[in-house]
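Position one of the sequence shown corresponds to residue 26 (my numbering), numbered consecutively onward.
Where is the CB? At the ideal position from N, CA and C, for every residue including glycine.
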Amino acid sequence: MVIILAVLTLTGISYWITSIKGDIGSTSELAALLTLMLGALSFLGYIEISLMITVIVLVILSAKVQLMNVIGRITQEEIYALVRFVIIALLIYPFLPDENYGPYDVINPSEIGLVVILTSGVGFLGYVLMRVLGANKGVLLTGIIGGLVSSTMVTWVFSKKSKEQSTLNALYTSAILAACTIMVVRVFLWVFLFNKSLLAGLMVPLSILLLTAAGATIYFYIKDKKTNGKEESMPLGKPLELTNAMWFGVLYVAILLVISYANDYLGNEGSISQQVLPDYPMWMRSPFLYRRCLLFLFQSSPRRMPSCSQH
């Protein structure tokens with residue numbers, strides 16, 4: 026107890042002296058208190074926890090200058106955008122009911138909320154990567170990462186952004202094509218996992234699509250670098266666009282309605298509509314994944330899966 030009081034007293038005196046000199050930073054004082062806490066944890070036998078905290082603190086302290094530079098460049102609008110996104114993702118979404126409503130039971134508040142979060146998240150990720158890596162690399166990397174979820178979502182986000190920032194049309198086009206390239210890779214993967222018998226017939230057309238999309242991505246990426254030149258002059262746009270994400274949620278519900286209607290009134294022919302409509306987000310619940318996105322693979326397989334309308 027005496028040691029704790031002594032350390033607290035010395036830390037307080039140190040902070041008071043440095044604050045008089047105009048230095049209001051408290052890194053050294055916090056490090057001293059953490060050192061005391063880590064020593065106490067080690068004495069009590071919590072060696073693993075003490076080591077873990079020590080490593081984390083060392084990493085943070087070693088990157089103090091870089092972190093301060095990053096924090097100093099964060100604007101008030103970016104902080105508000107992050108707060109809004111966290112509120113939606115962590116405070117609102119978990120309480121949305123995971124139940125089906127409306128015609129064909131396609132209105133699921135939880136799934137729609139996830140679509141809105143993913144769509145706004147793609148736009149926010151693109152903004153952050155543009156700030157960190159520059160416009161060219163940031164937008165392209167967003168297209169690649171977003172393509173793992175839904176190329177349609179990436180297309181929606183960057184098509185909207187291209188209207189606001191027409192000077193970056195070629196760059197946004199390359200990101201959309203990058204997402205489409207990933208989409209073709211996803212199709213390869215799903216066919217391989219669920220129905221290998223289709224690979225022989227799909228290998229040539231999918232290979233052509235893959236090479237074409239990848240080639241077009243590289244072309245528009247190089248075109249943008251030649252057109253826009255320095256990245257510092259490129260506008261970043263808004264960090265978070267919730268209205269745009271909500272409209273995509275409306276489109277998502279409309280797509281599900283069309284698919285359900287086609288399956289109900291057109292029978293087996295209705296499953297074709299699932300292939301011509303956009304590949305909406307499918308990383309949600311596994312029943313949703315199987316019924317909505319991979320139905321045609323199983324229908325083409327000798328082991329038939331029940332139609333979507335039966336679930």
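Shortest alpha-carbon distance to N161 belongs to which of E136, L69 and A200? A200
For the alpha helix (DSSP H) containing Q101, name the first residue and the last one. Q101 to V111
Are the segment 171-179 and the segment 130-147 touching, with three or more C-beta to C-beta distances below 8 Å? yes
Along the chain, where does the alpha helix (DSSP H) that runs through A114 open and close? Note, A114: premise wrong, no alpha helix (DSSP H); not H, not E.
Rounded distance between the beta-carbons of L63 and I81, thought under 8 Å: At roughly 11 Å, the Cβ-Cβ gap does not stay under 8 Å, so I81 and L63 are not in contact.
In angstroms, rounded to a whole number, what distance separates the CA positions of L107 and L139? 17 Å
When DSSP labels each residue in this structure, what does L126 get in the three-state scheme? Looking at the sequence itself, residue 126 is Tyr, so the reference to Leu does not match. Y126: strand per DSSP, three-state reduction.
Pair within 7 Å by beta-carbon distance, I142 and Y118: yes
Mark Y238 as exposed unless 16 or more other C-beta atoms lie within 10 angstroms of its C-beta, in which case mark it buried. A quick correction: the sequence has Ala, not Tyr, at residue 238. Flag for A238 reads buried.
Let's test the definition: count the other Cβ atoms within 10 Å of the Cβ of M228 and tell me whether it reaches 16, buried, or not, exposed. exposed
C-alpha distance - Q190 paired with L223, whole-angstrom precision: 42 Å
Taking the alpha-carbon positions, what's the L166 to G151 distance? 8 Å
If you drop the 5 nearest sequence neighbours on each side, which residues of the same chain put their C-beta closer than 6 Å to that of F183? Y197, A200 and I201
Measuring CA to CA, which of K263, T180 and G159 is closest to T100? K263
Starting from I132, follow its DSSP beta bridges and name the residues at the other end. Y126
For I284, the nearest candidate out of V131, L193 and A195 (CA to CA): V131
K250 - DSSP class collapsed to helix/strand/coil: helix
Just the Cα atoms here: how many angstroms apart are V212 and F120? 33 Å
In whole angstroms, what is the alpha-carbon distance linking L214 and T268? 33 Å
Note down, in chain order, each residue of its chain lying with its Cβ closer than 6 Å to the Cβ of D123, except the 5 sequence neighbours on either side. S135
Going by the beta-carbon positions, is the gap between S169 and A195 smaller than 7 Å? Going by the sequence as given, residue 169 is Ile instead of Ser. No, the pair does not count as a contact, with Cβ atoms beyond the cut-off.
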